[in-house]
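Contents: one structure, followed by commentary.
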Amino acid sequence: MPGVTDRVVIVTGAGGGLGREYALLLAREGAQVVVNDLGGARDGSGSGHSMADAVVEEIKAAGGTAVANYDSVATVEGAQSLIQTALDSFGAVHGVVNNAGILRDTSFGKMTPEAFEAVQRVHLFGSFNVTHAAWGHFREQGFGRIVMITSTSGLYGNFGQANYGAAKLGLVGMMNTLAIEGRKYDIKVNAVAPIAATRMTADIASAEFLEKLPPAQVAPIVGYLVSEDNQDSGMTFVVGGGAVHRVQLFANKPVLFSAVPTLDEVRENWSRITDMSDAQPGVNPAG
Ligand code: NAI
Numbered sequence: 001m002p003g004v005t006d007r008v009v010i011v012t013g014a015g016g017g018l019g020r021e022y023a024l025l026l027a028r029e030g031a032q033v034v035v036n037d038l039g040g041a042r043d044g045s046g047s048g049h050s051m052a053d054a055v056v057e058e059i060k061a062a063g064g065t066a067v068a069n070y071d072s073v074a075t076v077e078g079a080q081s082l083i084q085t086a087l088d089s090f091g092a093v094h095g096v097v098n099n100a101g102i103l104r105d106t107s108f109g110k111m112t113p114e115a116f117e118a119v120q121r122v123h124l125f126g127s128f129n130v131t132h133a134a135w136g137h138f139r140e141q142g143f144g145r146i147v148m149i150t151s152t153s154g155l156y157g158n159f160g161q162a163n164y165g166a167a168k169l170g171l172v173g174m175m176n177t178l179a180i181e182g183r184k185y186d187i188k189v190n191a192v193a194p195i196a197a198t199r200m201t202a203d204i205a206s207a208e209f210l211e212k213l214p215p216a217q218v219a220p221i222v223g224y225l226v227s228e229d230n231q232d233s234g235m236t237f238v239v240g241g242g243a244v245h246r247v248q249l250f251a252n253k254p255v256l257f258s259a260v261p262t263l264d265e266v267r268e269n270w271s272r273i274t275d276m277s278d279a280q281p282g283v284n285p286a287g
């Protein structure tokens, strides 16, 4: 079984929550893991080494191989230094799990440009920075596995998370193109929207509900997607509570107008335009 044995995988934000579970599972399966974490609070403030160090210690105590990295993925330099940690420690990089994240929730009217930007910087730019720094290595070796950690907040929307939802669906958009560009280099790019009890979700649901969502349940799907076994690319999965769904965009049959329609004609056809009963998986008409 090729799996992830001896593969070098970077997990960003792996000092706690879901990222820690991804790192533990990958190490158990024989991967050499770079445990990245800035070590700050849920809103992105502060930093420290103890979170990443604790996970590395845990992996080593269980007989696994891991190294800590404390760089912020939100900067180009931080991401480059993270890739360098993988190269210096293990001589290669084969997989990236873009998991690091922060929250700055507030209803849209109260959302400051700073709260919008801070979330894009970590989730969207952070995933770009790390993936971009790894991309050349993946192309050169003709192998790479990338998992974008997205969210149902981006796929479906969630009150108070316009900044977060925009960043998370942006990652699916980035994945769609990278799946195409990575095809001839055996670079597979997929997205996972986890649902799990972590510090991020601690105050948004009842303890009873969260009990059914251990983060360890998400890890095997992420582990499979970064493994050599995975041959799929450009797919999105919602994973949590023991369930795995694949999510995809569908498009209905187009309503055709022989000439530029009037507003009246649009109104008359609106129920047909919005009817999804005959929908099929969407394809890029320009692609
Ligand atoms: P978490 O807060 O425990 O994990 C996020 C980690 O990222 C933290 O350890 C934090 O220190 C680290 N981090 C933050 N900014 C960083 C930066 N600039 N550079 C490096 N590391 C940084 O929360 P959780 O729930 O484990 O979240 C992990 C990922 O899963 C996030 O991307 C989150 O948006 C996503 N997610 C989680 C869901 C859930 O149900 N818990 C739902 C949907 C998505």
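One point on numbering: in UniProt numbering, the residue at position 221 of the sequence shown is 221, and numbering is uninterrupted.
Where is the CB? At the ideal position from N, CA and C, for every residue including glycine.
Return the residue from the list the options that minimises the CA-CA distance to residue i.
{"i": "residue 56", "options": "279, 204, 37 and 263", "result": "37"}
{"i": "residue 3", "options": "238, 123, 28 and 20", "result": "28"}
{"i": "residue 154", "options": "237, 283 and 14", "result": "237"}
{"i": "residue 63", "options": "26, 82 and 177", "result": "26"}
{"i": "residue 287", "options": "128, 95, 181 and 30", "result": "181"}
{"i": "residue 147", "options": "96, 205, 30 and 248", "result": "96"}
{"i": "residue 186", "options": "227, 205 and 211", "result": "227"}
{"i": "residue 103", "options": "118, 89 and 90", "result": "118"}
{"i": "residue 184", "options": "242, 120, 243 and 135", "result": "135"}
{"i": "residue 49", "options": "13, 79, 151 and 23", "result": "13"}
{"i": "residue 235", "options": "59, 169 and 248", "result": "248"}
{"i": "residue 39", "options": "83, 175 and 70", "result": "70"}
{"i": "residue 112", "options": "160, 83, 200 and 89", "result": "160"}
{"i": "residue 125", "options": "284, 42 and 169", "result": "169"}
{"i": "residue 256", "options": "264, 244, 269 and 263", "result": "269"}
{"i": "residue 282", "options": "271, 223, 176 and 16", "result": "176"}
{"i": "residue 72", "options": "261, 127, 246 and 265", "result": "127"}
{"i": "residue 105", "options": "80, 44, 24 and 266", "result": "44"}
What does DSSP give as the partner residues of residue i in its beta bridges?
{"i": "residue 187", "result": "144"}
{"i": "residue 35", "result": "11 and 68"}
{"i": "residue 149", "result": "192"}
{"i": "residue 246", "result": "237"}
{"i": "residue 134", "result": "In the DSSP output, where bridge partners are listed per residue, residue 134 has none listed."}
Please classify residue i: does DSSP put it in a helix, a strand, or coil?
{"i": "residue 195", "result": "coil"}
{"i": "residue 16", "result": "coil"}
{"i": "residue 276", "result": "coil"}
{"i": "residue 284", "result": "coil"}
{"i": "residue 49", "result": "coil"}
{"i": "residue 123", "result": "helix"}
{"i": "residue 237", "result": "strand"}
{"i": "residue 44", "result": "coil"}
{"i": "residue 98", "result": "strand"}
{"i": "residue 267", "result": "helix"}
{"i": "residue 79", "result": "helix"}
{"i": "residue 289", "result": "There is no way to answer for residue 289, as the model of the chain reaches only from 1 to 287."}
{"i": "residue 172", "result": "helix"}
{"i": "residue 117", "result": "helix"}
{"i": "residue 165", "result": "helix"}
{"i": "residue 206", "result": "coil"}
Assuming residue i contacts residue j (C-beta within less than 8 Å), just tell me the rounded distance between them.
{"i": "residue 149", "j": "residue 190", "result": "Residue 149 to residue 190, Cβ: 10 Å. No contact."}
{"i": "residue 86", "j": "residue 93", "result": "4 Å"}
{"i": "residue 123", "j": "residue 167", "result": "4 Å"}
Is the stretch 240 to 260 in contact with the stretch 270 to 286, if contact means three or more CB pairs nearer than 8 Å? Taking a cut-off of 8 Å for Cβ pairs, the stretch 240 to 260 and the stretch 270 to 286 touch, as three or more such pairs fall below it.
Does the stretch 131 to 141 come within contact of the stretch 190 to 206, defined as at least 3 CB pairs closer than 8 Å? No, they do not touch.
Touch test, the stretch 3 to 19 against the stretch 34 to 50, Cβ-Cβ under 8 Å, three pairs minimum: Judged by Cβ distances under 8 Å, the stretch 3 to 19 makes contact with the stretch 34 to 50, as three or more pairs qualify.
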